[in-house]
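In the UniProt record's numbering, the protein residues as written are 1 to 312.
Structure representation (structure tokens):
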């Protein structure tokens with residue numbers, strides 16, 4: 001419903017390139033494709049399937065399509081992130097059908113894994129322009145690798161949690177899998193000196209075990225790390241933890257579950273258009289939930305209204 005209480009205006013859905021990540025959700029997306037296909041056919045939605053083993057191969061096929069073709073990402077946050085280079089600045093709109101491990105960006109939109117009818121019915125709504133993030137990971141020679149994100153990134157503790165998720169029991173999914181890994185990672189807590197700069201001003205400098213830079217509100221299948229984030233405000237939100245021990249970190253993560261940590265004395269946060277994070281020693285980083293090795297410095301800038309979202 002709109003703020004006035006009326007249904008959103010109907011919108012003609014363009015031809016859809018349905019990008020299916022066969023590995024998303026440990027194969028869940030591939031298994032669920034026949035049911036999703038039936039829902040697409042029932043609504044007479046013009047579509048074609050793009051099923052590739054890698055995000056790079058899917059991206060190459062998308063770039064060869066006409067600019068007006070809409071993209072439907074079937075998978076998790078990593079699937080969406082891998083397709084962004086074919087969306088930002090191209091005019092190709094995006095629809096999200098969550099079937100990944102965490103589905104945090106979709107969760108922000110109120111989309112539920114497997115609820116295909118709900119996700120497809122929203123295609124009738126008017127598209128919404130949402131912000132994206134451009135992340136540059138600095139190298140020792142001054143050069144950098146650039147990535148595009150929709151949800152956000154984490155460094156330190158939460159990236160270590162992502163790395164440890166492979167050790168979790170196979171039966172655990174989504175939030176339960178992240179929670180198991182979080183408990184295991186707290187035992188290995190290591191602090192590193194960090195300097196966080198937001199729009200040219202130092203937000204925090206000192207020992208830290210965790211820094212998140214977010215466009216969305218949550219990660220890890222439901223941890224509300226940045227409850228004040230707004231996808232349409234043209235700013236990124238940064239959350240940095242200060243010096244703390246294992247007990248204090250455990251207490252903080254319990255607060256994060258409910259999004260009640262931002263006023264904690266050991267948390268430093270703000271919204272900005274640009275954020276730079278520098279570590280004295282390499283720490284792990286995840287980008288939209290996917291691990292990208294260890295870094296010592298990265299720069300994040302907001303790209304206002306860079307993506308047209310069809311089923312927000």
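Beta carbons are placed, not taken as given, at the ideal position from N, Cα and C, and that holds for glycine.
Item                                                                                                                                                                      : Value
Beta-carbon separation of residue 259 and residue 215 under 8 Å?                                                                                                          : no
From which residue to which residue does the alpha helix (DSSP H) around residue 74 run?                                                                                  : No alpha helix (DSSP H) contains residue 74, which is instead part of the beta strand (DSSP E) from 70 to 75.
At what residue ranges does the stretch 272 to 310 contain a whole run of the beta strand (DSSP E), taking only runs of 3 or more?                                        : 274 to 287, 290 to 309
Would residue 293 pass as an interface residue toward chain C - the criterion being a Cβ-Cβ separation below 8 Å?                                                         : The structure shown contains no chain C; it holds only a single protein chain.
Taking the beta carbon of residue 304 as the centre, do at least 16 other beta carbons fall within 10 Å, making it buried, or is it exposed?                              : exposed
With distances taken from CA atoms, which of 131, 84, 95, 145 is nearest residue 124?                                                                                     : 95
In its own chain, which residues sit with a C-beta less than 6 Å from the C-beta of residue 296, not counting the 5 before and 5 after it?                                : 279, 282
Can you tell me which residues form a DSSP beta bridge with residue 239?                                                                                                  : 212, 269
Could you tell me whether the stretch 15 to 27 touches the stretch 53 to 62, using the rule of 3 or more Cβ pairs below 8 Å?                                              : yes
Which residues in the same chain as residue 30 place their Cβ atom closer than 6 Å to its Cβ, once the five residues preceding and following it in sequence are excluded? : 22
May I ask you to verify whether the stretch 230 to 244 touches the stretch 283 to 295, counting CB pairs closer than 8 Å and requiring at least 3?                        : no
What does the alpha-carbon distance come out to for the pair residue 178 and residue 156?                                                                                 : 15 Å
Pick out whichever of 299, 35, 187, 193 has its Cα sitting closest to the Cα of residue 236.                                                                              : 299
Let me confirm a value: residue 104 is counted as buried when at least 16 other C-beta atoms fall within 10 Å, else exposed. Which label applies?                         : buried
Report back the beta-carbon spacing between residue 323 and residue 79 to the nearest angstrom; my notes put them in contact at under 8 Å.                                : The structure shown has nothing for residue 323, since the chain only spans 1 to 312.
Kindly indicate which residue of 118, 62, 301 has the alpha-carbon position closest to the one of residue 15.                                                             : 62
Which residues in the same chain have their Cβ closer than 8 Å to the Cβ of residue 311, if we skip the five residues on either side of it in sequence?                   : 95, 96, 109, 111, 119, 120, 122, 123, 125
Which residues share a DSSP beta bridge with residue 155?                                                                                                                 : 211, 285
Here's the rule I'm using: 16 or more other beta-carbon atoms within 10 Å means buried, otherwise exposed. How should residue 81 be labelled?                             : buried
Please tell me whether residue 232 and residue 131 are closer than 8 Å, where the distance is taken between their beta carbons.                                           : yes
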